[in-house]
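Please read the structure below before turning to the comments.
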Amino acid sequence: MSKDATSGDGMDSTARGKPRPGFFSDRRGSTAMEFAMLAIPFALLVFAILESCISFAGQEVMANVTDDVARQLRTGQLQKSNVTEASIKQLICSKLEIMVAKDCPGLLVDLREYPSFADAATAGFKIVNGDIVLTQGTNSMSFAVSPGLAESINMLRVFYKWPVMTDFLAKSMANLKDGNTLHFASVTWQNEPFDDN
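Just so you know, we're using my numbering here: the sequence shown kicks off at 74 and counts up by one.
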């Protein structure tokens with residue numbers, strides 16, 4: 074009867090004398106380590122994509138709301154006699170609240186009459202030290218709500234200071250103070266010949 078070369082633990086007697094593999098050649102747990110190294114960047118990427126999508130949706134909602142309010146002004150449903158800064162902000166905010174915080178803390182509105190479309194085309198804005206500054210040509214101007222009467226040329230500009238939640242995105246996306254980014258919508262039109270109140 075010959076003696077079996079393997080012991081009861083299944084190891085070859087010649088392999089028993091070899092040193093065990095070192096730490097760097099041991100592959101047990103490598104999947105867990107790879108997951109740990111990739112999980113954080115993957116989660117950050119997912120959050121960045123979600124935040125970008127929500128921000129884009131907020132911008133689109135704001136553009137649609139701006140168009141709706143401009144249509145009401147153009148057709149005379151809203152007229153100069155019953156439009157104030159508070160009322161126009163409330164009207165816009167009531168439709169924006171699906172995407173933004175209650176009472177729209179970052180909402181700014183500029184509505185004014187222009188003598189011609191050429192004059193309206195010179196209206197702009199710039200960001201200076203994190204603040205929104207309205208411009209007319211080379212001159213700075215403040216926000217106002219002053220719509221025109223029937224057949225007048227008007228421009229509605231709506232600004233929203235959108236908060237950036239993901240910290241590493243704030244460095245590249247935020248262009249306003251307090252880590253906010255600017256959402257902006259604008260409509261220029263000529264009022265229809267409605268009866269002025």
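C-beta: ideal position from N, C-alpha, C; glycine also.
Apply the 10 Å Cβ neighbour rule to residue i and answer buried if 16 or more other Cβ atoms are within range, or exposed otherwise.
i, result
"F190", "exposed"
"I205", "buried"
"S154", "exposed"
"L151", "buried"
For residue i, which option in the options has the closest C-alpha, if you only look at C-alpha atoms?
i, options, result
"M135", "V173, D268, M238", "V173"
"K175", "L184, K162, D183", "K162"
"D45", "A223, A258, M214", "Here the chain covers residues 74 to 270 and nothing more, so residue 45 does not appear."
"G252", "W235, P266, E158, T261", "W235"
"V260", "K199, D140, F108", "D140"
Could you tell me how far apart the beta carbons of residue i and residue j are, in whole angstroms, since I believe they sit closer than 8 Å?
i, j, result
"V138", "K168", "4 Å"
"P220", "V142", "Actually they are not in contact, since the Cβ atoms of P220 and V142 sit about 10 Å apart, beyond 8 Å."
"N212", "N264", "The Cβ separation is near 25 Å, so there is no contact."
"E124", "M238", "6 Å"
"L207", "F216", "6 Å"
Tell me the rounded alpha-carbon separation between residue i and residue j.
i, j, result
"L146", "K244", "38 Å"
"D240", "A247", "10 Å"
"K250", "N202", "8 Å"
"G131", "H256", "8 Å"
"T182", "C126", "It should be noted that the sequence gives Val, not Thr, for residue 182. Approximately 24 Å between the Cα atoms of the pair."
"A43", "S128", "No information on residue 43 is available, as it lies outside the stretch 74 to 270 that the chain covers here."
"A105", "L111", "10 Å"
"R185", "V218", "6 Å"
"E107", "R101", "12 Å"
Counting only beta-carbon atoms, is residue i nearer than 9 Å to chain D?
i, result
"I226", "Of the chains in the structure shown, none is chain D; there is only one protein chain."
Just checking residue i against the ligand ADP - is the residue's beta carbon closer than 8 Å to any of the ligand's heavy atoms?
i, result
"T211", "Although the ligand ADP was asked about, the structure shown includes no ligands whatsoever."
Checklist line | Within the segment 164 to 237, ranges of the beta strand (DSSP E) (whole runs, at least 3 residues) | finding: 180 to 187, 196 to 201, 204 to 209, 212 to 214, 226 to 236
Notebook entry, point to check: What residue ranges within the segment 105 to 134 form continuous beta strand (DSSP E) runs of no fewer than 3 residues, ordered along the chain?
Noted result: The segment 105 to 134 contains no whole beta strand (DSSP E) run of 3 or more residues.
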